[in-house]
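**Q** In our numbering, the protein residues as written are 61 to 167. Ideal Cβ positions, reconstructed from N, Cα and C, are used throughout, including at glycine. Handing you a structure now.
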């Protein structure tokens, strides 16, 4: 049974997305050939620490103390350590914009 795609966003809509701009950022910075979510996903799997470092930079995460690495992997994935040594204030990051945008949406 073939899965029918229900919707595809218009190209102008895609080019206004944060994901598109993130792909452009890492593509240009590292000379990569990434033109889709799947390409980005594959790159992130093979460059896990670098992906998360780039994402936190792109997302303008404010750190009081930056972690040395985004992730320390273990053979047992449940023992992986994320952003060890990093210190941030979650609320400060949510409220960092000084405008009328929503800081938090809850359903």
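Which residue's Cα is closest to the Cα of residue 130: 142, 163, 165, 67?
**A** Among 142, 163, 165, 67, the Cα nearest to that of residue 130 is on 142.
**Q** Is there a Cβ from chain E that is less than 9 Å from the Cβ of residue 150?
**A** Protein chains in the displayed structure number just one, and chain E is not present.
**Q** Thinking C-beta only, is residue 148 closer than 9 Å to residue 140?
**A** Not closer than 9 Å, so no.
**Q** Can you look up residue 92 in the DSSP assignment and give me helix, strand or coil?
**A** Residue state, collapsed to three classes: coil.
**Q** Among 124, 125, 100, which one has its Cα closest to the Cα of residue 183?
**A** Outside the modelled stretch of the chain, which goes from 61 to 167, sits residue 183, for which no answer is possible.
**Q** How long is the line joining the alpha carbons of residue 154 and residue 61, rounded to whole angstroms?
**A** Distance between the alpha carbons of residue 154 and residue 61 is about 43 Å.
**Q** I need the boundaries of the alpha helix (DSSP H) containing residue 64, first residue and last residue.
**A** No alpha helix (DSSP H) contains residue 64, which DSSP labels as neither H nor E.
**Q** Within the same chain, show all residues whose beta-carbon is closer than 7 Å to that of residue 122, passing over the 5 residues directly before and after it, in chain order.
**A** Same-chain partners within the cutoff: 148, 152, 153, 156.
**Q** Are the CB atoms of residue 110 and residue 97 within a distance shorter than 9 Å?
**A** No; because the gap between Cβ atoms is not below 9 Å, this pair is not in contact.
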